[in-house]
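Colleague:
Number of protein chains: 2
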Amino acid sequence: MTCSDVQLTRDPFERIFHPENIVIFGVSTKWNMFGSGILNSLLAIGYPGGIYLINPKGGQYQGMTIYRDLNEVPAAVDFAIIAVPAGAVAQTLEQCRLKGVAGAEVLSSGFSEMGTEEGEALEREVQEIAARGIRVIGPNCFGIYCPESGLTLMPGPDLSRESGPVGFISQSGGMSVDFAHIGTWMGIRFSKIISFGNGADLREIELLDYFRQDEQTRIISLYVEGVKDARGFLAALARAARVKPVIVNKGGLSEAGKRAVASHTASLGGSRIIWESALRQAGAIQVGDIWELAQCCLAFSLLPVRPYHGVAVAGPGGAFGVSACDEAERFGLELPRLEREISDRILDVLPRPGSSAINPIDAANPFVTPQAYKEVLLQAAQDPRVDIQVLISLLHHFKALAIGFGSEMKDVVTYPELARVAGEVREQTGKPIVLVLPNYKQGEESLDIEAAIRDARSVFLEHGVPVFSDLDEALRAVSHVSRYALWRDRS
Amino acid sequence: MTCSDVQLTRDPFERIFHPENIVIFGVSTKWNMFGSGILNSLLAIGYPGGIYLINPKGGQYQGMTIYRDLNEVPAAVDFAIIAVPAGAVAQTLEQCRLKGVAGAEVLSSGFSEMGTEEGEALEREVQEIAARGIRVIGPNCFGIYCPESGLTLMPGPDLSRESGPVGFISQSGGMSVDFAHIGTWMGIRFSKIISFGNGADLREIELLDYFRQDEQTRIISLYVEGVKDARGFLAALARAARVKPVIVNKGGLSEAGKRAVASHTASLGGSRIIWESALRQAGAIQVGDIWELAQCCLAFSLLPVRPYHGVAVAGPGGAFGVSACDEAERFGLELPRLEREISDRILDVLPRPGSSAINPIDAANPFVTPQAYKEVLLQAAQDPRVDIQVLISLLHHFKALAIGFGSEMKDVVTYPELARVAGEVREQTGKPIVLVLPNYKQGEESLDIEAAIRDARSVFLEHGVPVFSDLDEALRAVSHVSRYALWRDRS
């Protein structure tokens, strides 16, 4: 069996996401943002397969041969990346189809998003060729990120090669790359990200069906602006939501938003209320922006999917506790009053006076030791009405402590120990723990506090503890997981 | 006229906020968090008046004499700071009253917030003494921050000495110090912050009336959990709101929140819906948390108080534009479609294809020059339906650019010029400009991006341009200013 025969027996999606050889159209000896951009990104991320460059003018680019024609390429090609001017896209795509290329991402813009007849016509040509047997992502997109195979988004040289459970489908290229970055430091790992732009061929419905069946994707997330077939989309959402959580950020819900959608990705928005209720009925989890999307994916990545109702919240100070109660109520959670004996045992290990242990648990000062917190968390978990615990840590106080001792933050912080303790308590009690690390000191002189917070985030993530910047974000993310679990169990 | 005679002729509030001499009760040769904490904070911030320490045991603390009794202090005292155990507070306060001290802040806890009869009784004693002629802040509080006179909160050694227009009244000590920190790097400057804790004597109503009349306070902000006299409080709010904006963060609106309020500052919460409508009727601006409180104060500090309806939004990328429209609608703002000739002139200075100038203005790439943005902003301001402009800058792209050029971020960023331009356009057009600086790259390897963002924030603030981290925060803050202006003009 020749290489080419093997290729033909592979599933087209498999060949697209895990290509052995790719071609890039549009890299030239002259500087070209998209063509060179994607090549440099693939080289930087370390795509291990064959990369072949094509430009009718030929020549060399960074020591690589530029072939004049696809027929000159000495290998069977699975996947094409097209970054030529809009007017040349159709003929390029047709060449690929004739050579048996499984799919192509078209990074070029200048299609239906222009709102011109010419743009519409060019996009219809792309569609017609796709219908004859080559799958197309785009045009007007940033392409595919697949950490396992080493494919990356056009502006994605520095994305992680670690795979994970989150799949992301994005109509917007900017959102795809922003979410890849945000997700990475927040602790999310991706199976695949697909930026589909105008979606001339592959778009929301088929990609949802693909992710539903994709074993590496445990959590599906989407950014959609407008959908071509709303009924079909909602049905695909419902099919997927029965199998795994589907988190949707729907843009373009306002009047002006619809207008912006039209010029951004050439599709239709829609009424806020209709969308909200339709998404809820389909079992999808609706989020308001990229930050909530990421926080929600993080929660689904690290928390068991089950109903959470009672939350114990512990941290230094009283005002956070009041706001914890207010926010919990907003998100359908509750801070149960801890049983008297449990409160008493918690108070035994906290500083007096000033502490309070009814729930929220006010530890009164920011330097309570990890061992004391271990006792607090173990005790609070004893209350049968506590389903999950939230711990708040204010690292900037450790800077003040370090200054007092004439030392540096790294010498006085206790979070590595606290992270270990949190992981232990979760294992011991079966009740998850979530950390909140707010940063109130973001002045130019306080970069060391930011550095400590980022390090602490990594350390807690290593122990499987999700970290949020604010209490309301943490509670909202927990409530999403809980509501999905309730919906799934009911339906 | 002797010094003491002068003191007696000064207004008690004036003596409290601008004391010539203060005494601290509760500093001892042994370590004591509150007593030493407040002393060190006052020394660090550079309070210029006389500081006298008192402890019956006498001795020395850091080279300063500890007097055994107030009568030994060789000066007339305006203000006392009391950090002795709860049981000794009343007699200390009585001594102060007898010596003609105008007011005292009681940092000690162990009063009504304990929920015990003993605590209640101790607090009543404090109240009775106050009623006989000494004003009391606290107990269970962090005291007063007055940058002009050099008074600072108990944990406030590093607060700014710059005064500004924002007054803050906080029932919670934690909130008072957190808000002081957040406000400072965000660009807010304070006239005074008063943390009143249990509010045995001075509390929300009288402090509101004080701030209403205080010429240095142009914007009043409050964090209240529960109020003792709701009707009186709402009347005081309404009195103040007619004169200057009053921004209220009301904690304890949920069932559990009320319970937390009781153990935190010994007062009563209340129903969410009742409070929301009552605050609206009083003309107060209600905010949901400390971040919104700060963003709102920033907007009132730097934007002219007038109605804003039409917003022009410019930045790189299309997805932000869609969300801009959606968020604007949520907050009662609008992105008017720019007049055709204006759009055309804007498109002339932006990269093609990819840009769009209907509003939102999608500049397509992050490296559009400040001079091009100047033209964009000048043109957009020509549209009579544009009342205010929002500019979005994505600094992390400049890191990629710097890497490409083999240089550092500081050599390629253009924000100092962009800030100058924004200030110029605002002056020229009379329409304010707001900057949004999101940070999508918060990984441990990206501290340089955070540093650039913080520096950029300072630079824009120097040009009078408020900076927000997210578009929805910016639009929400603008809408608060606009709604207040509309309310004030109507009433």
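Chain order of the listed sequences is A and B. The numbering used here puts the first sequence at residues 2 to 492. The numbering used here puts the second sequence at residues 2 to 492. Think of the CB as a built atom: it goes at the ideal place given N, C-alpha and C, for glycine as much as any other residue.
(1) Rounded to the nearest angstrom, what separates A:F169 and A:H481 at their Cα positions?
(2) Might you give, ordered along the chain, the residues of its own chain that have their beta carbon closer than 7 Å to the beta carbon of A:P305, omitting 5 neighbours on each side?
(3) With 16 as the cutoff for other CB atoms within 10 Å, does A:Q380 come out buried or exposed?
(4) From this set, A:V28, A:D179 and A:G47, which residue's C-alpha is nearest A:I67's C-alpha?
(5) For A:L94, which option in A:G111, A:L71 and A:A77 has the closest C-alpha, if you only look at C-alpha atoms?
(6) Does DSSP put B:K100 in a helix, a strand or coil?
(7) Nearest CA to the CA of A:S37: which residue from A:I23, A:H19 and A:Y62?
(8) Assign B:A76 to one of three DSSP states: helix, strand, or coil.
(9) Per DSSP, A:Y62 is paired with what?
(10) Using a Cβ cut-off of 9 Å (strictly closer), state whether A:T185 contacts chain B.
(11) If we require 3 or more residues per run, which beta strand (DSSP E) segments fall completely within the region 301–354 of chain A?
(12) Interface residues of chain E around B:A452 at Cβ under 7 Å?
(13) Quick check on the DSSP output: what are the complete beta strand (DSSP E) runs of length 3 or more inside the region 269–294 of chain B, in order along the chain?
(14) In chain order, what residues of the region 399–420 of chain A put their CB closer than 8 Å to some CB of chain B?
(15) What residues from chain B crowd round A:H464, counting only those whose CB sits closer than 7 Å?
(16) Report the neighbours of A:H310 on chain B: residues whose CB is nearer than 7 Å to its CB, in chain order.
(17) Indicate whether B:G139 and B:S196 have their beta-carbon atoms separated by less than 9 Å.
(18) For B:N250, collect the residues of the same chain with a Cβ closer than 6 Å to its Cβ; drop the 5 residues on either side in sequence, then sort them by chain order.
(19) Look at the alpha carbon of B:D202 and the alpha carbon of A:A364, and state the distance between them as a whole number of angstroms.
(20) Kindly indicate which three-state DSSP category A:C298 falls into: helix, strand or coil?
(21) Kindly indicate if chain B contains any beta-carbon less than 9 Å away from that of A:G318.
(22) Whose C-alpha, out of B:V137, B:L254 and B:S255, is nearest the C-alpha of B:E205?
(23) Can you pull the chain A residues whose beta carbon is under 7 Å from the beta carbon of B:S441, in chain order?
(24) Which word fits B:P467, buried or exposed, when buried means at least 16 other C-beta atoms lie within 10 angstroms of its C-beta?
(25) Note down, in chain order, all residues in the region 118–129 of chain B with a beta-carbon under 7 Å from any beta-carbon belonging to chain A.
(26) What in chain A is Cβ-close to B:S110, meaning under 9 Å?
(27) What three-state label does DSSP hand B:E106 in the structure shown?
(28) Establish whether the CB of B:S255 and some CB of chain A are separated by less than 9 Å.
(29) Closer than 9 Å, Cβ to any Cβ of chain B: which residues of the region 312–342 of chain A, in chain order?
(30) Any residues in the region 277–298 of chain B with a beta carbon nearer than 9 Å to a beta carbon of chain A? Which ones, in chain order?
(31) Measuring only the C-alpha atoms, how far is A:F234 from A:Y374?
(32) Apply the 10 Å Cβ neighbour rule to B:S161 and answer buried if 16 or more other Cβ atoms are within range, or exposed otherwise.
(33) Pull up the DSSP beta-bridge partners for A:D215, would you.
(34) Relative to chain B, which residues along the region 221–238 of chain A have a C-beta separation below 8 Å, given in chain order?
(35) List the DSSP bridge partners of B:G51.
(36) Just the Cα atoms here: how many angstroms apart are A:H182 and A:S192?
Modeller: In brief:
(1) 17 Å
(2) Cβ-Cβ distances below 7 Å link A:P305 to P433 in the same chain, with the five nearest sequence neighbours on each side left out; the list follows chain order.
(3) buried
(4) If you compare the alpha carbons of A:V28, A:D179 and A:G47 with that of A:I67, the shortest gap goes to A:V28.
(5) A:L71
(6) Coil.
(7) Nearest to A:S37 by alpha-carbon distance, out of A:I23, A:H19 and A:Y62, is A:Y62.
(8) coil
(9) Checking the DSSP bridge columns, you'll see A:Y62 partnered with A:M65.
(10) Using a Cβ-Cβ cut-off of 9 Å, A:T185 counts as an interface residue toward chain B, since at least one Cβ of chain B sits closer than that to its own.
(11) 312–316
(12) Chain labels in this structure do not include chain E; the protein chains are A and B.
(13) 286–288
(14) Against chain B - using a Cβ distance shorter than 8 Å - the residues of the region 399–420 of chain A are A401.
(15) None at all; the shortest Cβ gap to chain B is about 17 Å.
(16) The contacting residues do not exist; A:H310 stays about 12 Å from chain B at best.
(17) yes
(18) Y224, V288 and L294
(19) 27 Å
(20) Three-state result, A:C298: helix.
(21) Taking Cβ atoms only, chain B reaches closer than 9 Å to A:G318, which makes this a yes.
(22) B:V137
(23) At residue 441 of chain B the sequence reads Tyr, which differs from the Ser that was named. Those are D179, H182 and I183, listed as they occur along chain A.
(24) It is buried - the Cβ of B:P467 has at least 16 other Cβ atoms within 10 Å.
(25) If the cut-off is 7 Å between Cβ atoms, the region 118–129 of chain B has nothing near chain A.
(26) Simply P354, G355 and A365.
(27) strand
(28) The beta carbon of B:S255 falls within 9 Å of a beta carbon belonging to chain A, placing the residue at that interface.
(29) P317, G318, G319, A320, F321, G322, V323, S324, A325, C326, D327, E328, A329, E330, R331, E335, L336, P337 and R338
(30) Interface annotation for the region 277–298 of chain B against chain A: G289, D290, I291 and W292, criterion Cβ-Cβ distance under 9 Å.
(31) 47 Å
(32) buried
(33) Note: A:D215 sits in no beta bridge, so no partner.
(34) Y224 and E226
(35) B:N22
(36) 14 Å
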